[in-house]
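Each remark here refers to the structure printed beneath this line.
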Amino acid sequence: MNNTEPAADIGDYLKLGACTAVMSQPILGYALTTSPSIAAQTWIGILYNLVKYTAPAFIFGILYTTTRMTIDHRDLTYRRYLRNAWHALFIPTIWWTLVYLLVMPQMQQVSRYHDPRTFLWQFVNGNAAPHLWYNTMMLQFIILMPLFWAIGRWCGHDRRRGIFTACVTVLIAAVWLWFYDSQVFHGPHATDWYLLDRLFVSFLIYGIFGVLAWQYHERFDRLILKWWPVIAEVFAGAFWWTNQELFRYGFPVKLTNAPYYKPSMTVYDLAIIGLFAALCLFQVRAKRPFTKFVHRFAGFAYKAYLSNVFWSECLWLLFGRTLTTAHTLTGILVIYVLTWCLSFGSAFGIHAVWVRVKPKCVKSQNFS
Numbered sequence: 197m198n199n200t201e202p203a204a205d206i207g208d209y210l211k212l213g214a215c216t217a218v219m220s221q222p223i224l225g226y227a228l229t230t231s232p233s234i235a236a237q238t239w240i241g242i243l244y245n246l247v248k249y250t251a252p253a254f255i256f257g258i259l260y261t262t263t264r265m266t267i268d269h270r271d272l273t274y275r276r277y278l279r280n281a282w283h284a285l286f287i288p289t290i291w292w293t294l295v296y297l298l299v300m301p302q303m304q305q306v307s308r309y310h311d312p313r314t315f316l317w318q319f320v321n322g323n324a325a326p327h328l329w330y331n332t333m334m335l336q337f338i339i340l341m342p343l344f345w346a347i348g349r350w351c352g353h354d355r356r357r358g359i360f361t362a363c364v365t366v367l368i369a370a371v372w373l374w375f376y377d378s379q380v381f382h383g384p385h386a387t388d389w390y391l392l393d394r395l396f397v398s399f400l401i402y403g404i405f406g407v408l409a410w411q412y413h414e415r416f417d418r419l420i421l422k423w424w425p426v427i428a429e430v431f432a433g434a435f436w437w438t439n440q441e442l443f444r445y446g447f448p449v450k451l452t453n454a455p456y457y458k459p460s461m462t463v464y465d466l467a468i469i470g471l472f473a474a475l476c477l478f479q480v481r482a483k484r485p486f487t488k489f490v491h492r493f494a495g496f497a498y499k500a501y502l503s504n505v506f507w508s509e510c511l512w513l514l515f516g517r518t519l520t521t522a523h524t525l526t527g528i529l530v531i532y533v534l535t536w537c538l539s540f541g542s543a544f545g546i547h548a549v550w551v552r553v554k555p556k557c558v559k560s561q562n563f564s
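Using this note's numbering, the letters of the sequence shown map in sequence onto residues 197 to 564.
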């Protein structure tokens, strides 16, 4: 690792933390299919709630880092920004979506394709694999980045505008949570309005708060470092709250009863984002070597995320089901560790191969 490599920022910690945690979610879902004991189901439900911060943390991190790197660059055109995003985010998404649809069609959600039209629909709506709903939602934030630039530039560093924007955002989030709870989650439109969970408005609060966290980073950093013990208490309280809600539905545990769109989960997610921010600030200011590791691996977090279900499914089919049926928690741990290693290993490996192949491809095109 290059000694001149910059230290991580808050966005890097959130992206790597979210990616590392999210890889456990499908594995916990697999484990529940083996009819584990009530005690094992309880621990699986608790662990699932513990890592249920992943999408909000990733959105906050993406918007924080993107705002930090681009908002003051007035010469950056939207076209050039999209071209960079196309290579970094859209192309890996396209390739991995094709892998899931063509190699693992059994991973599709809700329905399956049976002709070119339904294939295209499954490709773009996030149903190609259990985790790809998130890509459909996140890429909307990337496309709508001019909106967040406008919000950040309007706020500038004006305290009143920042507070006003935060209050309006909280109000929008509250209305959305009420609407989703009454109409979608166990509501009359639970099946026909399911696509709403990947609409960018669902995670708008985390995107705008990511922008504001950078625009007011001096104030934000001071507050986080001063109040992190209180944030830790909020985290603990919200975590207890989410578990109470999940187990209220009884057994067998159903992970669909722990959605992101609840007041308890929103408070939990914001609290854990604050704790990751505090961890980053403490380590960066102390110049810990670990910050360089975070920065390096965060750059590959999205690509590792795309592949993680592919690897966990392969491991599950090879030996995971048998191991987890016999030893639930051991099976979860072994599959999780191997999935993490394979996901990041493939992300780094594919990148290394592409770096070597790309100059030859460009050269051959120039001669053709």
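In this text, a Cβ means the ideal position worked out from N, Cα and C, and glycines have one as well.
Bear in mind that the values here come from a model prediction, so they are computed numbers and not experimental data.
Query - For W436 and T263, believed in contact at Cβ under 8 Å, the rounded distance - result: With 8 Å as the limit, T263 and W436 do not qualify as a contact, their Cβ atoms being about 33 Å apart.
Query raised in the report: Could you give the distance in angstroms between the alpha-carbon of Q318 and the alpha-carbon of K483?
Result: Rounded to the nearest angstrom, the two C-alpha atoms are 45 Å apart.
Requested in this report: Would you please state the rounded distance, in angstroms, between the beta carbons of V407 and L212? I believe it to be under 8 Å.
Outcome: Not confirmed; about 20 Å, so no contact.
Query raised in the report: Nearest to L511 by CA position, among H523, K499, H353 and L534, is which residue?
Result: Out of H523, K499, H353 and L534, L534 has the C-alpha closest to the C-alpha of L511.
Query raised in the report: Between T518 and the rest of its own chain, which residues show a CB-CB distance below 7 Å, the 5 nearest in sequence each way excluded?
Result: Once the five neighbours on either side are set aside, T518 has no close Cβ partner at all.
Query raised in the report: How many angstroms separate the CA atom of V397 from the CA atom of L502?
Result: It is roughly 22 Å from the alpha-carbon of V397 to the alpha-carbon of L502.
Report task. Starting from A454, follow the alpha helix (DSSP H) in both directions and report where the run begins and ends. Result -> Segment: none, A454 is in no alpha helix (DSSP H) and carries neither H nor E.
Requested in this report: Could you round the C-beta distance between A467 and F493 to whole angstroms and report it? I think they count as a contact, below 8 Å.
Outcome: Not quite, the Cβ-Cβ distance comes to about 24 Å (not below 8 Å), so this is no contact.
Requested in this report: Using 10 angstroms around the beta-carbon of D205, count the other beta-carbons present and answer buried if the total reaches 16, otherwise exposed.
Outcome: Burial call: buried.
Query - Beta-carbon gap between G257 and A214 smaller than 8 Å - result: It is a contact, given that the beta carbons lie within the stated cut-off.
**Report entry** Between the CA atoms of L475 and I420 - distance to the nearest angstrom
**Finding:** So the alpha carbons of these two residues sit roughly 10 Å apart.
**Report entry** Own chain residues within Cβ distance below 6 Å of F472, not counting five before or after
**Finding:** So the qualifying residues of the chain are Y209, L210 and G213.
Report task. Determine the DSSP secondary structure at Q221, reduced to helix, strand or coil. Result -> Correct three-state label for Q221: helix.
Query - Nearest-angstrom Cα separation, counted from Q305 out to L328 - result: Rounded to whole angstroms, L328 to Q305 spans 10 Å at the Cα level.
Query raised in the report: Under a three-way DSSP split, which group does V320 fall into?
Result: Residue state for V320 is assigned as helix, using DSSP reduced to three classes.
Query - Unbroken alpha helix (DSSP H) run spanning Y330, endpoints - result: Y330: member of the alpha helix (DSSP H) spanning W329 to I339, first to last residue.
Query - Within 8 Å, strictly: CB atoms of Y249 and L451 - result: Y249 places its beta carbon 8 Å or farther from that of L451.
Query raised in the report: Distance, Cα to Cα, F515 vs Y296?
Result: Distance between the alpha carbons of F515 and Y296: 20 Å.
Report task. With DSSP collapsed to three states, give me the class of W292. Result -> Three-state DSSP puts W292 in a helix.
Query raised in the report: My guess is that E441 and S460 are in contact by the Cβ rule of under 8 Å, so how many angstroms apart are they, rounded?
Result: Under the criterion of beta carbons closer than 8 Å, E441 and S460 qualify as touching, at roughly 6 Å.
Query - Continuous alpha helix (DSSP H) assignments of at least 4 residues falling wholly in the stretch 462–487 - result: You should have found no qualifying run.
Query raised in the report: Under the rule that 16 or more other beta-carbon atoms within 10 Å means buried, what is N323, buried or exposed?
Result: If you draw a 10 Å sphere on the C-beta of N323, you find 16 or more other C-beta atoms in it, and that means buried.
Query - the stretch 386–404 in contact with the stretch 327–341 per 3-pair CB rule at 8 Å - result: Touching, yes.
**Report entry** Beta carbon of M341 nearer than 8 Å to that of V505
**Finding:** When the beta-carbon positions are compared, M341 and V505 stay at least 8 Å from each other.
Query raised in the report: Would N198 be called buried (16 or more neighbouring beta carbons within 10 Å of its own) or exposed?
Result: The predicted position of N198 is uncertain, since its pLDDT is 43 and thus under 50; no value can be drawn from it.
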